[in-house]
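Student: I'd like to ask some things about the structure below.
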Amino acid sequence: MAGRTSAQIAEALTVLTNLMARDNDPAREDEKRLERFLKHKPSFFTGGYAPEVAVKWVEELEIIFEVMGCSEVNKTTLGTYVLREEACQWWKSAKLRLGIGAMMVTWEMFKREFLRNYIPADVKSKKVVEFMKLKQGNMSVAEYAAKFQSLCAFSPYYNTAEAEHDKCVKFESGLRPEIKHLIGFSEIRNFATLVAKSRICDEDGKAKSSYYKAMTEKRGKGQDRGKPYGDKGKKAVESSGTKKRNNGQCYKCGEMGHKSFECPKKVDKCFNCGKLGHRSDVCDWKPTCFNCGEEGHKSPACKKPKKTMGKVFALNGGNADQVDNLIREMSGRMEIETPASGSVTTRLVCLDCPVTVFDRHFGMDLVCIQLSGIDVIFGMNWLIFNQVHINCCEKTVIFPKPEESFQLMSKKEVVESLKEPGEMFALFASLKLDEIVKMDELPVVCEFPDVFPEDISDVPPEREVEFTVDLVPGTSPISMAPYRMSASELNELKKQLEELLEKKFIRPSISPWGASVLLVKKKEGTMRLCIDYRQLNKVTIKNKYPLPRIDDLMDQLVGACVFSKIDLRSGYHQIRVKKEDIPKTTFRTRYGHYEYSVMPFGVTNAPGVFMEYMNRIFHSFLDKFVVVFIDDILIYSKSEEEHRDHLRIVLEVLKEKKLYAKLSKCEIWLKEISFLGHVISSGGIAVDPAKVDAVLQWGTPESVSEIRSFLGLAGYYIRFIEGFSKLVLPLTQLTRKDQAFVWDANCEKSFQELTLLEILCLETDLATKKAKNRSLNAVATELATDFFNVAKPLVADG
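Sequential numbering of the sequence shown, starting at 244, is according to the working numbering.
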């Protein structure tokens, strides 16, 4: 008995040992893990071009892995298990290509390769643009939030905790106005709370809409619809038309026993003449034509010639006897509704009646009726014909003055008038063509349409010069808070960001750098996107590449008589930023972080880099027939035949280097051209009149900084003004540190003389002459007199 018991115990121990060994078998653990994974019913991924499906598949698996508590390696094993068909083949090839067949592949490694293959970079960019343009539209808030979250996955910045505020602002900006108005004042900056509140507002609005719709349908289309208040003094009647019909109640008098068309108290009103007691079908009234005065037809159907515009109503009865000789009787009567006397009937018309208004005499046809307190009523046709303006806000009526002629003065008369005291205005006249010159009409230019595209739609090619940002050693990333903007500025900012994203000039960024953005108004009224790179510029090692002196450039133009100027389209954006330095160009907006892949405006070394590249490609032609200043190219020649060859050479270089110009800003085949603040022609070099105007309009300086600004502008033309340093001595003394700011008589005299001196032009030999006792107004006069040659040399005598 004991031996049998021992045998049973030994057998039981053997079975238990086998079970424990089986449980500890790694293969068995993998099977259990796979069984647990499959119980969650993961989706199979078969591949193909479906970016959104790929993103949702990854998100679904990550939720399952989080519940199961899988390690990184097990995540990859389980994730690749549900790959099928093309996706399975891709993973096999990817492991061989990456050489990781025998390595431990983490989930992050797999996900990076997976997303790179099934969500290409162009798809990401399109999704980012779609995300930036996303609006609620006709979607419910729930649908809008789901779409928002789906596209948000393609913008990594909005998935960070730091971007919670910007994410809420972006979501709120896309809501419909009625929902945005309800939650905008709350300034909710928690995304989940914002979605919940928006959903409640949306559902509440739909409930109210359904309620009012049901009430409207319930009311029906009764005659009391739209009349919330009853008439006082009248007997109230029931609003149900059905009940009235059932009990035989009359609509007209409200009594019982008869219907409205049988009502004995019924009084008919004629639709033609408006009188009571008869209907329009038995009315003997006939319409009277306003044009010919005859009965039987109306003025639109009148076959007689139309009379002159200017009919008005009507004369005071007391004054009618003064114009008896002008009064005629029409063949038919005319009934007129007036604001003063109600409905009036008349047959009298006053032909070519004289009327005087503000000493101006008019002749017009007046219909004669009795009026109380009004002499005449001007009709709308007469007001339009005489161009009379009615200002309802100021309660005024403006009658234009009779046409006046202007007399042009000769140059001599203008000079004489300048000697007389009084206020005068200088006029700078110029010719400007309204018609846009077509490319086909420009010789040589028509051969290079590729150089003048309508727009640049892609990043520039790789060039021998790249823009780099070399920082002072030890510099850490700098990030500045965004500036506040108005609603209109935010709309313009979003529009320009979308354009730059489409052109691939910028891209979303997660860089720790961040500059602020502001919008600056251009001369034509549009807004320019500017990045405030001042903090970055402070820590950037400056590029020492020299920019050419403008006066040195002008010295090369002696003898030239034909000119062309080419303005490159977004010049800085035609050079790439070095890959390692792209994160340093990051800027922050309300709509996210972005970084430039092309050279941006506002960075400290951009002019030098671009100037270096332009000098490199035009090195063989500089100072021969080409002058370059950053992105402005001036081509000059001594004859038209020579200019044809020079222009073709420059355009061939631009085409070869894939540099693009803006035709609307280029000036081709001109005898006179504006370049770098000067007007250049075969006769010499003149100052741009706009610069002269800036000096003329300058107010009296009230601080040291304003004096420095004024001297900086006036000093630009130091070589045009004889004795400039002596003239400005009282002003320069005020800029010294140990000098108190006291504006005395000497300062005022110096300032006034400087703003009245003539700015001279350079002759062909670049020699200057003395200028005394002539004002800028005189120069303005000469410019205005000969405006066909605005920039001809103006050199004072003596």
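We put the beta carbon where it would ideally sit given N, CA and C, even for glycine. All of these numbers come straight from a predicted model, not from anything done at the bench.
Considering only residues of the same chain and omitting the five flanking positions on each side of D713, which have a CB-CB separation below 7 Å?
Tutor: The answer, listed in chain order, is T783, I784.
Student: Does the beta-carbon distance from F872 to I793 come in below 9 Å?
Tutor: Yes. Within cutoff.
Student: Let me know if V922 comes out buried or exposed under the rule of 16 or more other beta-carbons within 10 Å of its beta-carbon.
Tutor: Its Cβ being crowded by 16 or more others within 10 Å, V922 is buried.
Student: For the beta strand (DSSP E) containing R603, name the first residue and the last one.
Tutor: 603 to 610 is the span of the beta strand (DSSP E), which, as asked, contains R603.
Student: Run the CB neighbour count on Q379, radius 10 Å, all protein chains shown included, and call it buried at 16 or more, exposed below.
Tutor: Q379 is buried by the Cβ-count criterion.
Student: Could you give the residue range of the alpha helix (DSSP H) that holds T975?
Tutor: First-last of the alpha helix (DSSP H) with T975: 972 to 976.
Student: Do you know how far the Cα of L339 is from the Cα of L277?
Tutor: Approximately 25 Å between the Cα atoms of the pair.
Student: Smallest Cα separation from V1075: which of H816, Y879, P755, A983?
Tutor: As shown, the chain starts at 244 and ends at 1041. That puts residue 1075 outside it, with no answer to give.
Student: Which of helix, strand or coil does DSSP assign to S968?
Tutor: In this structure, S968 counts as helix in the three-state DSSP scheme.
Student: Assign T639 to one of two classes, buried (16 or more other C-beta atoms within 10 Å of its C-beta) or exposed (fewer than that).
Tutor: Exposed, by the Cβ-count rule.
Student: From D798 to F918, what distance separates their C-alpha atoms?
Tutor: Those two C-alpha atoms are separated by around 13 Å.
Student: Closer than 6 Å by C-beta to Q630: which residues in its own chain qualify, once you throw out the five before and the five after it? Chain order, please.
Tutor: Answer for Q630: P643, listed in chain order.
Student: Name the DSSP bridge partner or partners of P751?
Tutor: Answer by DSSP bridge pairing, in chain order: Y837.
Student: Since S759 contacts T829 with CB under 8 Å, what's their CB separation in whole angstroms?
Tutor: S759 to T829, Cβ: 11 Å. No contact.
Student: Could you work out which residue in F288, S314, N317 is closest to E303 when comparing CA atoms only?
Tutor: Ranking the options by Cα distance to E303, first place goes to F288.
Student: Which residues in the same chain have their Cβ closer than 8 Å to the Cβ of I818, if we skip the five residues on either side of it in sequence?
Tutor: Within the same chain, I818 has close Cβ partners P703, R706, V708, E709, F710, V841, M842, V852, F853, Y856.
Student: Which residue wins for smallest C-alpha separation from L790, given the options Q739, K827, V870?
Tutor: The residue with the shortest Cα to Cα distance from L790 is V870.
Student: Under the three-state reduction of DSSP, which class applies to D810: helix, strand or coil?
Tutor: Of the three classes helix, strand and coil, the one that applies to D810 here is strand, per DSSP.
Student: Kindly indicate which three-state DSSP category F695 falls into: helix, strand or coil?
Tutor: F695: coil per DSSP, three-state reduction.
Student: For V592 and V610, which I take to be in contact (beta-carbon distance under 8 Å), what is that distance rounded to the nearest angstrom?
Tutor: Indeed, because the Cβ distance is near 5 Å, the residues count as touching under 8 Å.
Student: Taking only the alpha-carbon atoms, compute the straight-line gap between K284 and R327 and give it to the nearest angstrom.
Tutor: Those two C-alpha atoms are separated by around 15 Å.
Student: According to DSSP, which residues form a beta bridge with L714?
Tutor: Note: L714 sits in a beta bridge opposite T783.
Student: List, from N- to C-terminal side, the alpha helix (DSSP H) runs of 4 residues or more that fit wholly inside the segment 304 to 356.
Tutor: Complete alpha helix (DSSP H) runs here, min 4: 315 to 324, 328 to 341.
Student: Out of S398, K413, E838, V301, point me to the one whose CA is closest to R355's CA.
Tutor: Selected option, being the one with the closest Cα: V301.
Student: Taking the alpha-carbon positions, what's the I950 to L974 distance?
Tutor: Their Cα atoms are separated by approximately 7 Å.
Student: Considering only their Cβ atoms, is the gap separating R812 from Y726 smaller than 9 Å?
Tutor: No. Outside cutoff.
Student: State the Cα-Cα distance for the pair K808 and E684, rounded to the nearest angstrom.
Tutor: Roughly 17 Å separates the two Cα atoms.
Student: Applying the 10 Å Cβ sphere with the 16-neighbour rule, what's the burial state of H889?
Tutor: Buried: at least 16 other Cβ atoms inside 10 Å.
Student: In chain order, what residues of the same chain have a beta carbon less than 8 Å from the beta carbon of F861, not counting five sequence neighbours either side?
Tutor: Around F861: V869, V871, I876, V893, V896.
Student: Distance check for N402 and E386, CA to CA, integer angstroms please.
Tutor: Taking the straight line joining both Cα atoms gives about 19 Å.
Student: Identify the continuous beta strand (DSSP E) that holds M682 and give its terminal residues.
Tutor: It is not in any beta strand (DSSP E) - M682 carries neither H nor E in the DSSP assignment.
Student: Pick from N433, L736, G606: whose alpha carbon is nearest that of F628?
Tutor: Among N433, L736, G606, the Cα nearest to that of F628 is on G606.
Student: For G291 and H886, I'd like the C-alpha separation in whole angstroms.
Tutor: Looking at the two C-alpha atoms, the distance is approximately 58 Å.
Student: Going by CA-CA distance only, name the one from A435, K440, V316 that's closest to H424.
Tutor: Looking at the Cα atoms, K440 is the closest of the given residues.
Student: List in chain order: all unbroken beta strand (DSSP E) runs of 3+ residues lying wholly within the segment 831 to 909.
Tutor: Counting whole runs of 3 or more residues, the segment 831 to 909 contains the beta strand (DSSP E) stretches 835 to 839, 869 to 872, 875 to 880.
Student: Who does V640 pair with in a DSSP beta bridge?
Tutor: DSSP output for V640 lists I633 as bridge partner(s).
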